[in-house]
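So the structure is just underneath, and the comments pick up after that.
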Amino acid sequence: MMLRSEEVRKLAPEMDPLRMGMGWKVSDLSKPQVMVESSYGDSHPGSAHLNIFVEEAVKAVDENGGKAARYFATDMCDGIAQGHDGINYSLAHRDAITNLVEAQANATVFDGGVFIASCDKSMPAMLMSIGRLKDMSAIVVTGGVMEAHELPKKYVVDDPACRINELLTLEQIGKFDAWEKTGVIPNEQLDYYKQHACPSCGACSFMGTASTMQIMAEALGLMLPGTALMPSTAPELRQAAYDAGKQLMELIAKGIKASDIVTKESFENAIMVHAAISGSTNATMHIPAIAHEFGFEIDADTFDRLHRGAHYLLNIRPSGDWPAQYFYYAGGVPRVMEEIKSMLHLDVMTVTGRTLGENLEELKKNGFYEHCDELLREKSKLFRRTIDREDIIHSFEHAKGTEGSIAILKGNLAPEGCVIKHTACPKNMFKAVLKAKPYDSEEACISAVLHGEVKPGDAIFIRYEGPRGSGMPEMFYTGEAICADPKLASSVALITDGRFSGASRGPVIGHVSPEAAAGGPIAFVEEGDLIELDVENRKIAIVGIRGERKTPEEIDAVLAERKAGWKGFESKYQHGLLKLYAQHAVSSMKGAYME
Numbered sequence: 004m005m006l007r008s009e010e011v012r013k014l015a016p017e018m019d020p021l022r023m024g025m026g027w028k029v030s031d032l033s034k035p036q037v038m039v040e041s042s043y044g045d046s047h048p049g050s051a052h053l054n055i056f057v058e059e060a061v062k063a064v065d066e067n068g069g070k071a072a073r074y075f076a077t078d079m080c081d082g083i084a085q086g087h088d089g090i091n092y093s094l095a096h097r098d099a100i101t102n103l104v105e106a107q108a109n110a111t112v113f114d115g116g117v118f119i120a121s122c123d124k125s126m127p128a129m130l131m132s133i134g135r136l137k138d139m140s141a142i143v144v145t146g147g148v149m150e151a152h153e154l155p156k157k158y159v160v161d162d163p164a165c166r167i168n169e170l171l172t173l174e175q176i177g178k179f180d181a182w183e184k185t186g187v188i189p190n191e192q193l194d195y196y197k198q199h200a201c202p203s204c205g206a207c208s209f210m211g212t213a214s215t216m217q218i219m220a221e222a223l224g225l226m227l228p229g230t231a232l233m234p235s236t237a238p239e240l241r242q243a244a245y246d247a248g249k250q251l252m253e254l255i256a257k258g259i260k261a262s263d264i265v266t267k268e269s270f271e272n273a274i275m276v277h278a279a280i281s282g283s284t285n286a287t288m289h290i291p292a293i294a295h296e297f298g299f300e301i302d303a304d305t306f307d308r309l310h311r312g313a314h315y316l317l318n319i320r321p322s323g324d325w326p327a328q329y330f331y332y333a334g335g336v337p338r339v340m341e342e343i344k345s346m347l348h349l350d351v352m353t354v355t356g357r358t359l360g361e362n363l364e365e366l367k368k369n370g371f372y373e374h375c376d377e378l379l380r381e382k383s384k385l386f387r388r389t390i391d392r393e394d395i396i397h398s399f400e401h402a403k404g405t406e407g408s409i410a411i412l413k414g415n416l417a418p419e420g421c422v423i424k425h426t427a428c429p430k431n432m433f434k435a436v437l438k439a440k441p442y443d444s445e446e447a448c449i450s451a452v453l454h455g456e457v458k459p460g461d462a463i464f465i466r467y468e469g470p471r472g473s474g475m476p477e478m479f480y481t482g483e484a485i486c487a488d489p490k491l492a493s494s495v496a497l498i499t500d501g502r503f504s505g506a507s508r509g510p511v512i513g514h515v516s517p518e519a520a521a522g523g524p525i526a527f528v529e530e531g532d533l534i535e536l537d538v539e540n541r542k543i544a545i546v547g548i549r550g551e552r553k554t555p556e557e558i559d560a561v562l563a564e565r566k567a568g569w570k571g572f573e574s575k576y577q578h579g580l581l582k583l584y585a586q587h588a589v590s591s592m593k594g595a596y597m598e
């Protein structure tokens, strides 16, 4: 088998002296060439520790017959970008990272790559990059999840969304911020929460987008079994980085490429795991975008189809009680897969060189589950309570739910669809008729919520926040402000063509497509229009005009009249990345990738 790097050297031998000038040996040129790509950077705790794993992977490659080169495509932090226009860059920079990795890989040409990331957009970006580079061998290492902070008694509050109240995790800050603004808690208490919500490096400690996409990487077969979502401080994670570099050399030697591992069946497995973990709604954009790079068509409707009848097992925040680090203590992705084994394609190939089914059998023999059980017992001692793994990952027979965790709703308000995480939505809001209260920006909407302008029974809209509007930022703080008010938490829906953080709770509906900036019906909703929400029947529709019920034909006529008077939308971004993204992004229902 001729290596990809050998083919390039035949065409461009003049590159060899350049490498010699970097201290390479002549013998290095005959070895498999490996890129170790990461989103390492100092700007935030999700990526600041990744160089530890980079060095382990480089060491493993160099000690096992290869020559490694470090590459970096650092990411931004959605948490730091919240509350200002920086969040508009969040989704667009997923594609910017993918483009950079593509250029780095193809400018030199490698035989394989170790891809290392932790967070919301860097994880899907690395997976998209592997899709573009699918003709080389690839393996993923994730940076794990940050620890939860154990609160002193004076700062433990009764949070009805979570029974394990003495553990602080970052997704609670939005609610606590709203409580401080409305006088429920003092500023000093909010400051304490802010200063202790990120006690270590790693992804945010809840089942947000970062944690979800780490799990998706393993579910697709691109990670060593059991290594997704380990605590970032765990010594096992450092070892996993070394083992991944070593295993990549095996993949290169056997000629196993990324395209041999990631198939249509792999994506179906990942979506079934997504249903079982009540994963972030953002995965309905990222998985289709990743599939697109691999040459498959997966859309949001695929999620809806596979989630129907799927067993939802995970008791992890934000729709459960435990911080995300406990996912690993309960057995991680392999434990979830064991429980839903009957719903998986067990014959798919993985980076071990074995099938998924073979991996699961091997884990039963090699002590993996016993190790996890011991970690959970140690945590039980520290936590002063007995914790059973089924407190965290329910069994298939005793699932938390049997209809997956998300639904794709359609109707005259969202002809292409929109998404709701129904496991985090109050049951009384599954079927409701609400009065529309539209806002053309998140800033205007959250101000209305905090100043008491939003009333029970309202459907508040935030529009012009889709990919072509403002880059599709998160509407996290508005959703948290609603959930922080008991009068609104189970009586108000938030509907947007933007998206939500994986931390979002309550009746929040995002990704409305077509978006307002593209002339979708959401642009023509007016105050007082009646909005019907029917989660079970997957329906979201405008059913009345200014408080009066109308027939579908009458509503179509009104919307057509309103559209005729619409002045259109012009983005405030007239140059740079967000201009390019607005011009080239496809619908969020297809993946919001640039084409």
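Mind the numbering: the sequence shown is residues 4 to 598 in the numbering used here, read in order. Built from N, CA and C at the ideal position, the CB exists for glycine as well.
Thinking just about the alpha-carbon of each residue, which of the options is nearest to the one in residue i?
i    : options                : result
N54  : F209, G69, Y74, H295   : Y74
K458 : E468, L491, R552, A222 : L491
D394 : F330, E59, H454        : F330
A327 : T215, A294, N272       : T215
S41  : L309, N431, K124       : K124
E548 : A560, K542, R541       : Contrary to the premise, residue 548 reads as Ile rather than Glu in this sequence. It is A560.
R388 : I167, A439, V422, E300 : I167
G482 : P510, S269, A106       : P510
M541 : A487, M79, R308, H277  : The amino acid at residue 541 is misidentified as Met; the sequence shows Arg. Per the Cα distances, R308.
A213 : F56, W182, L130        : L130
W325 : D88, Q175, K62, S591   : Q175
Y372 : T236, V351, A333       : A333
P163 : L497, A487, Y584, L581 : A487
C165 : A519, A427, C421, P127 : A427
S494 : I449, L437, P234       : L437
L251 : E573, V117, R392       : V117
Q586 : G69, A521, V61         : A521
I601 : R241, A71, S235, A222  : With the chain covering 4 to 598 only, the question about residue 601 has no answer from this structure.
G360 : E296, R380, S269       : S269
R241 : G44, V265, I119        : I119
Between residue i and the rest of its own chain, which residues show a CB-CB distance below 7 Å, the 5 nearest in sequence each way excluded?
i    : result
F306 : I274, T287, I409, I411
D114 : L6, R7, S8, P35, Q36, V37, M139, S140, I255
H314 : A279, I343, F399, A402, T405
F179 : I188, L193, Y196
L171 : A151, H152, L154, Y196, H199, A200
R311 : E406, G407
Assign residue i to one of two classes, buried (16 or more other C-beta atoms within 10 Å of its C-beta) or exposed (fewer than that).
i    : result
T554 : exposed
V159 : exposed
W569 : exposed
K257 : exposed
R320 : buried
Q577 : exposed
G370 : exposed
H454 : exposed
E598 : exposed
S33  : exposed
N190 : exposed
G472 : buried
R466 : buried
P524 : buried
D391 : exposed
R552 : exposed
D350 : exposed
H87  : exposed
Between residue i and the rest of its own chain, which residues show a CB-CB distance below 6 Å, the 5 nearest in sequence each way excluded?
i    : result
H425 : A410, V538
A261 : I133, K137, A141
Can you find the residues in the same chain that come closer than 8 Å, C-beta to C-beta, to residue i, ignoring five residues on each side of it along the sequence?
i    : result
L317 : M210, A279, I280, S281, G323, F330, V339, I395, I396, H397, K403
F433 : H425, L536, D537, V538, E539
N415 : P524, A544, I545, P555, I558, D559, L562
According to DSSP, simplified to helix, strand and coil, what is residue i?
i    : result
D537 : strand
M346 : helix
W569 : coil
D461 : strand
C421 : strand
H578 : coil
Q107 : helix
M475 : coil
T215 : helix
F306 : helix
Give a yes or no on whether the minimum CB-CB distance between residue i and chain C is below 8 Å.
i    : result
L379 : As a matter of chain content, chain C is missing from the structure shown, which is built from one protein chain.
Practice task
Take every Cβ of the region 370-387, pair it with every Cβ of the region 348-357, and state whether three or more of those distances are shorter than 8 Å.
Solution key: no
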